[in-house]
Structure formats: structure tokens, C-alpha cells
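Structure, as C-alpha cells:
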Amino acid sequence: MRTFVYTSHPSRVVFGSGAVDRLREEIERLGRQRILLLSGPALEWASARVREAAGDLVVAEFGDAAMHTPVEVTERALAILRETSADCLVAVGGGSTTGLSKALALRTGLPQVILPTTYAGSEVTPVLGETRDGHKTTRSSPEILPGTVLYDVDLTLTLPVPLSVTSGVNALAHAVEALYSADANPVTDGQALQAISLIGRALPRLAADPADREARADLLEAAWLAGTCLATVGMGLHHKLCHTLGGSFGLPHAPTHTVILPHAMAYNAPAAPEVMRRIAEALGVPDAPAGVHDLVTSLGGPVSLRELGMPESGLAHAAEWAAATPYPNPREVTAEGLAGLLSDAWHGRRPA
Ligand code: NAD
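Those letters in the sequence shown? Residues 6 to 357, by our numbering.
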């Protein structure tokens with residue numbers, strides 16, 4: 006008999022084309038009147054769209070959100086927040102902008118409304134990773150979890166295909182690891198399989214036509230489902246490796262997930278054969294790890310650590326560090342096993 010413990014993380018989700026036009030209503034619902042609008046570089050058009058929807062409720066803006074939430078950036082935004090006495094945070098952007106909003110909410114207790122423009126899924130998790138002097142620390146608490154998420158597919162139409170592919174595979178990784186998590190339960194199993202099925206079908210449609218609204222909507226829905234899995238159950242070897250490679254070698258977040266996922270799956274396949282069978286069925290392929298590799302290849306995504314700039318000389322260190330403090334994982338994690346996995350990933354070999 007299966008045993009599990011399940012804790013949900015409540016958030017209000019408004020989903021659809023034009024959802025940004027519900028922003029004023031959502032801010033009123035929170036009883037707030039003064040918005041600090043957050044975004045990142047290359048997102049000026051998205052801020053303009055949010056400003057148009059929010060009108061005079063926007064009292065200040067900060068457009069410098071950066072990857073991995075550097076504390077010095079948060080402190081600059083905090084100074085603006087205090088000068089303007091904003092009473093709520095609205096963030097439009099990817100995981101980097103959401104991270105800034107979470108960091109500000111943690112320090113001020115202000116409510117957050119997030120409008121995601123990528124598939125990272127951070128908007129539904131109570132987790133924040135911050136960097137100070139190059140060191141990343143991660144914490145989890147209910148105050149970090151955004152209360153409201155407006156998923157507007159129109160805000161994702163401009164995400165270039167290469168970023169859509171890597172961000173979509175980032176979401177896929179949350180769903181894959183949820184299925185073999187030590188905390189797996191019937192709710193996240195269902196969410197994960199639905200996310201995998203949506204991502205496997207939507208990515209090729211989106212690559213063929215980046216303006217395909219239905220494909221974009223399927224991916225955004227999958228990002229929400231997969232992000233909910235990430236929030237609810239612990240992640241395994243794949244996430245441990247990505248955190249190690251991102252933290253110690255500065256590799257980019259979503260592309261690293263894209264390269265590592267098929268290899269982490271191949272490593273875990275002998276210990277989780279039924280999970281791999283269900284993933285393969287959801288993707289409509291004979292073999293799950295090879296199927297993910299083939300999907301990424303067909304979409305022109307990155308398949309090797311070499312092309313991400315990882316030095317081959319760093320592989321042994323990465324294997325040792327990741328094996329020293331592993332996350333719970335279905336298959337035992339050894340430095341020797343990880344060295345083989347990372348060598349395959351560095352060369353971009355197709356899982357056998
Ligand atoms: P990102 O937010 O850094 O965005 C990547 C790039 O895409 C940026 O240059 C951004 O300006 C651009 N961009 C975003 N949306 C766009 C759009 N619609 N059109 C055109 N350009 C667009 O990347 P990300 O992968 O979304 O997030 C990565 C960060 O989020 C990392 O710091 C990661 O650690 C964090 N993260 C946290 C969690 C969590 O639960 N805490 C989950 C996932 C990711």
C-alpha cells in the first residue's frame with residue numbers, strides 16, 4: 006500500500022489570453038492601491054502592457070531584476086519601495102523577476118501578484134534562492150509564496166524559440182522528478198503526467214510557429230502544473246546536478262536543465278522503470294530518456310555541457326560535489342556514477 010504526506014501551497018491563479026486586464030480587479034481584491042512594478046532587462050514592452058492595465062495604481066517601477074536574485078539588487082529595489090510607500094508588488098517576467106518579488110515580499114510582508122513570461126514555475130513555489138558575494142542560499146517559507154498569479158499567454162508570445170525550448174524543458178524536469186520523488190503522491194503524479202504530455206506536444210508546435218497561441222497556452226498551463234509539483238514534492242539527482250553546475254560553474258539555469266535531464270533520467274531509469282514507462286507513454290515515445298534527448302535535438306536545443314561552456318576539467322569536481330550531499334533519489338548516487346553521467350552530458354551522447 007502506498008503511503009504519503011501531502012501539503013498544498015495555496016495561490017489564486019487567473020489564466021487566459023488578456024489575463025493582464027484583470028490586474029486592477031485583483032489588486033482591489035487584495036485591498037491595495039499602490040503598486041511597485043518589477044521587471045527585468047528586455048521586458049520594457051511587458052511592463053508597458055502591465056502599466057496600461059494598472060493605470061494610476063503604479064507608483065514606482067524597478068526594471069533591473071537579475072538571475073539568481075543578487076542581494077544588492079534587492080536592496081536597491083527595497084530603497085525605491087520605501088521611498089514610494091508602495092503597498093503591493095507586481096512582477097512581470099521570468100524566474101529572475103519573480104525571485105526579486107519574493108525577496109522583497111520576504112523583507113516587507115507585502116502581497117505579490119506575478120505575471121510569468123517564461124515556464125520556470127517559480128511563481129507557485131514558496132522557495133527563494135538568493136546570492137550574496139557569489140554564494141547562493143535557498144530558503145523556503147510561506148511568506149515567499151506569491152498569493153496571486155496572472156498567467157497571460159499574450160505575455161509569452163515574444164519569448165524566442167530557443168528560450169522557449171530550454172524553459173519548457175526546465176518545466177519538464179520539475180514534472181519528471183516529481184514522479185520518482187520520495188514525496189510522490191496521487192495529486193502531483195496527475196499534475197506531472199499532464200504537464201509532460203502537454204510539453205511534449207506543445208514544444209514542436211511552438212518551434213514550427215512561435216505565434217501559435219494554443220501551443221503557448223498549453224506550455225504555460227504545463228509550466229503552472231510542473232511548478233506546482235516543484236512546490237509540493239522534493240526534487241532528486243537532476244536538480245542537485247543543475248544546482249551544482251549553476252552554482253559552481255555559472256552555467257545558465259534553463260539550458261543546464263535541458264542538457265542534464267535525459268542523462269539524469271537514464272541514470273535513474275533502472276531504479277524507477279514504472280515511472281519511465283509512464284513518462285514515455287505521456288510523451289508518446291518508446292523510451293523516456295532517449296525520447297527527451299531526441300525532442301531537444303529536433304528543436305535545436307542544447308544537448309551538451311561543452312556547448313554551454315563547461316570545462317571538461319571540472320567534471321570530476323562537479324561529480325564529487327553533487328555526490329557529497331545528494332538529494333533523496335531513487336538510485337544510489339555515487340561520484341563514479343555521476344562522473345559517467347556528466348561525461349555523457351558533456352559530449353552530448355544520446356542515452357542508450
Ligand atoms: P529569466 O527570468 O532570467 O529570463 C531569461 C531571459 O528571458 C531574460 O533575459 C529575460 O529578460 C528574457 N525574457 C523573459 N520572458 C520573456 C519574454 N516573454 N519575451 C522575451 N524575453 C523574455 O529566466 P528563467 O529561466 O525564467 O528563470 C531563471 C531564474 O529563476 C533562476 O535564477 C532560477 O534559479 C530561478 N528559478 C527559481 C525557482 C523557484 O522555485 N524558486 C524555480 C525556477 C527558476
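C-beta: ideal position from N, C-alpha, C; glycine also.
Buried or exposed (CB count within 10 angstroms, at least 16 for buried), residue i
i    : result
D214 : exposed
A91  : buried
W351 : buried
A276 : exposed
T261 : buried
T8   : exposed
Residue i - partner residues in DSSP beta bridges
i    : result
C93  : I40
L133 : R144
G98  : P121
P75  : T136
heavy atom of the ligand NAD below 6 Å from residue i C-beta
i    : result
M72  : yes
L164 : yes
A365 : What is shown of the chain runs 6 to 357, which leaves residue 365 out entirely.
L155 : no
T136 : no
V95  : no
H258 : yes
A222 : no
G195 : no
L300 : no
S90  : no
L48  : yes
S101 : yes
T122 : yes
T161 : yes
G60  : no
Sequence-distant residues of the same chain with beta carbon closer than 7 Å to residue i, five excluded per side
i    : result
A220 : A207, R210, L211
T193 : A183, C234, T237, V238
G342 : Y272
Sequence-distant residues of its chain with Cβ nearer than 6 Å to residue i (five each side left out)
i    : result
F67  : L43, A82, I85
D223 : L203, A207
S127 : G100, T103
A96  : L43, T102, T103, S106, I119
For residue i, the first and last residue of its enclosing alpha helix (DSSP H)
i    : result
R17  : Here R17 belongs to no alpha helix (DSSP H); instead the beta strand (DSSP E) covers 17 to 20.
E325 : 320 to 329
A366 : No information on residue 366 is available, as it lies outside the stretch 6 to 357 that the chain covers here.
F254 : 242 to 254
L300 : 293 to 303
T364 : In the structure as shown, the chain begins at 6 and stops at 357. Residue 364 is therefore absent and cannot be evaluated.
T193 : 191 to 213
R56  : 49 to 59
Boundaries of the beta strand (DSSP E) in which residue i is found, first to last residue
i    : result
E128 : Unbroken run through E128: none, as it is neither H nor E.
A65  : 63 to 67
T153 : 153 to 156
Neighbourhood of residue i by C-beta distance below 8 Å, restricted to the same chain and skipping five residues each side
i    : result
M270 : V181, H243, M281, I284, A293, P294, V297, P356
T79  : L105, A108, L109, R112, E135
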